[in-house]
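**Student:**
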Amino acid sequence: MPDYFLAACALVLVLEGLLPLLAPRVWRDAFRRLIELSDGQLRFVGLISLAI
4 MPDYFLAACA LVLVLEGLLP LLAPRVWRDA FRRLIELSDG QLRFVGLISL
54 AI
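The sequence shown runs 4 to 55 under the numbering used here.
(1) Tell me whether S41 sits in a helix, a strand or coil according to DSSP, three-state version.
(2) Give me the Cα-Cα distance between L21 and A11, rounded to the nearest whole angstrom.
(3) Quick check: the Cα distance between L18 and G43, rounded to an integer number of angstroms?
(4) Helix, strand or coil for A26 per DSSP?
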């Protein structure tokens, strides 16, 4: 079980690193849009992310 958890964490890190590596401008624009969201909107995004 711990091996699966570590593999899943490693996969998440790899996938999160792909967008800034391949398309830094797109990643930066998406990050700017996230910064402009209100606290409630960010909480909703976090809730949806956890649910998925």
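In this text, a Cβ means the ideal position worked out from N, Cα and C, and glycines have one as well.
**Tutor:** The structure says:
(1) If DSSP states are grouped into helix, strand and coil, S41 belongs with coil.
(2) 16 Å
(3) So the alpha carbons of these two residues sit roughly 26 Å apart.
(4) coil
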